[in-house]
Amino acid sequence: MDLRWNFFGLILGIVLRLKVCGQAPLSPRIVGGTEASPGTWPWIVSLQIPAVQHVCGGSLINEQWVLTAAHCCDPLASLDNIFAYLGRHNSSDPNPHQVKRKVTSIRIYPGYVDVFGDYDMCLLKLDSPVTFSQYIQPVCLAARGSEVHGGDKAWVAGWGITKEETFMFPAALNEVSVPIVGQNQCKCDIPFFLPPDTLCAGLSEGGKDACQGDSGGPLVIKVGGQWVQVGVVSLGEGCGRPNTPGVYSKVSVYEDWIKNETSTSDANQPGFVNVTATGQDPDNDFRCTTTTPVPMTSTTTYRTTDDDFVKDTTTRPSTIRPTSTPRTATALPTEDDYDDDDDDRDSVLIMGTR
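Per mature numbering (1 follows the signal peptide of the UniProt record, and there is no 0), the sequence shown runs over residues -22 to -1, 1 to 332.
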């Protein structure tokens, strides 16, 4: 597997909103697979429910809205007490910069399909706006038509478990850097049907990934001086396995839906940035041999305040859906087609929902 880093493959296009987003005043140089410094990822959100600690991640996209995964929202939709923690760093107190908000509205993307994880996107409205600070900032979102290439460098962070098949949760927010994996290569590495609105990221040698508890968290790239969210943690086969990248919902597909659902004034709209990849995409020439589909296991793990665990596992179908062209050549639908379901960043971030 040839993953080539392309440090210069991304350039900033047009900023579609004048509001400032994607700023991390306290962010140092990032080294993958370590505990993040406080304030490094000021848009990261911990979603929690009573009697249960961290359930999923999310990202703050403006003063009152959080972006996360639909498979995180679906089992919580009937609950009244869902809370978002912003400015949080440690898994337990103290968290001196933390702000707590109650979730008052859950907006699951209408095309979401739980069985295959299609359109795994959700918005959460907070009970009141938050005040931005060095530790709480909105992330920019990749605009409609944005493009990344295989090998482009991305980052992911979360409070998910630090090793596959364990319940080892980190003491604090973890972060890791992973390269984007092109769609052709990803379809070879993960031999089951990939939802059409996804992108992949991970190392060919494994060891760094998202895992259970990281679901809903942001996959970001740096474009100029701004951090731009290109993906939402969605699916994974295990955690940090070789030649098994993580699968993320592609944010740019949902620009119109996000704008319509948040429906705030232009001054308070989430900040969308047009990301343009330059040069030749190495994924265009990638070919793979025939592979055998594998079942995709979806596991959601919650840690309670008594350090007990609730684990729900569902095995999804392994059948690859029919396409009109060979799997390695299956094209993503155009963005117009979209108008009308966790682990340590240091070692990893699991396939099924995370």
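Here a beta-carbon is modelled for each residue, glycine too, at the ideal position from N, C-alpha and C.
* **Per DSSP, cross-strand counterpart(s) of ILE199** => VAL206
* To the nearest angstrom, report how far apart PRO74 and ALA55 are at their CA atoms. => 30 Å
* **Simplified DSSP assignment, three categories, for ALA188** => coil
* Asked: When DSSP labels each residue in this structure, what does THR140 get in the three-state scheme?
  -> coil
* Asked: Is DSSP giving THR256 helix, strand or coil here?
  -> coil
* If you check the beta carbons only, do ILE86 and ALA47 fall under 7 Å apart? -> no
* Among TYR97, LEU25, ASN68, the one whose alpha carbon lies nearest that of ARG79 -> LEU25
* Give the DSSP bridge partners of PRO72, in chain order. => Beta-bridge pairing links PRO72 to no other residue.
* Give the secondary structure of THR275 by DSSP, where H, G and I count as helix, E and B as strand, and everything else as coil. => The predicted position of THR275 is uncertain, since its pLDDT is 43 and thus under 50; a value taken from the coordinates is nonetheless stated next. Residue state, collapsed to three classes: strand.
* **When PRO169, TYR226, LEU151 are compared against ALA179, the one with the closest alpha-carbon** => TYR226
* GLN258 classed as buried or exposed, judged by whether at least 16 other C-beta atoms fall within 10 angstroms -> Exposed.
* To do: Using DSSP bridges, identify the partner residues of ARG226.
  => Just to set this straight, residue 226 is Tyr in the shown sequence, not Arg. Answer is LEU177, VAL211, bridged to TYR226.
* To do: Run the CB neighbour count on THR176, radius 10 Å, all protein chains shown included, and call it buried at 16 or more, exposed below.
  => buried
* Boundaries of the alpha helix (DSSP H) in which ASN40 is found, first to last residue -> Note, ASN40: premise wrong, no alpha helix (DSSP H); not H, not E.
* Asked: Going straight from the alpha carbon of THR254 to that of ALA29, what length do you get?
  -> 44 Å
* **Beta-carbon spacing of ASP96, PRO196 below 7 Å** => no
* To do: Can you say whether PRO157 is buried or exposed, counting buried as having 16 or more other CB atoms within 10 angstroms of its CB?
  => buried
* Asked: Does DSSP put HIS67 in a helix, a strand or coil?
  -> coil
* Where does SER230 land, buried or exposed, given buried means 16+ other C-beta within 10 angstroms? -> buried
* To do: Kindly give me the distance between the Cβ atoms of LEU64 and ILE114, rounded to whole angstroms, as I take these residues to be in contact under 8 Å.
  => The distance from the Cβ of LEU64 to that of ILE114 is about 5 Å, consistent with a contact at the 8 Å cut-off.
* Asked: GLY36: which of ILE84, PRO3, VAL91 sits nearest, CA to CA?
  -> Residue ILE84 is the option with its Cα nearest to GLY36.
* To do: Could you check which residue in GLU41, LEU4, VAL208 has the C-alpha nearest to that of PRO107?
  => GLU41
* **Proximity to GLY129 [Cα-Cα], best of CYS34, ILE39, ASN252, PRO223** => For GLY129, the closest C-alpha among the options CYS34, ILE39, ASN252, PRO223 is that of PRO223.
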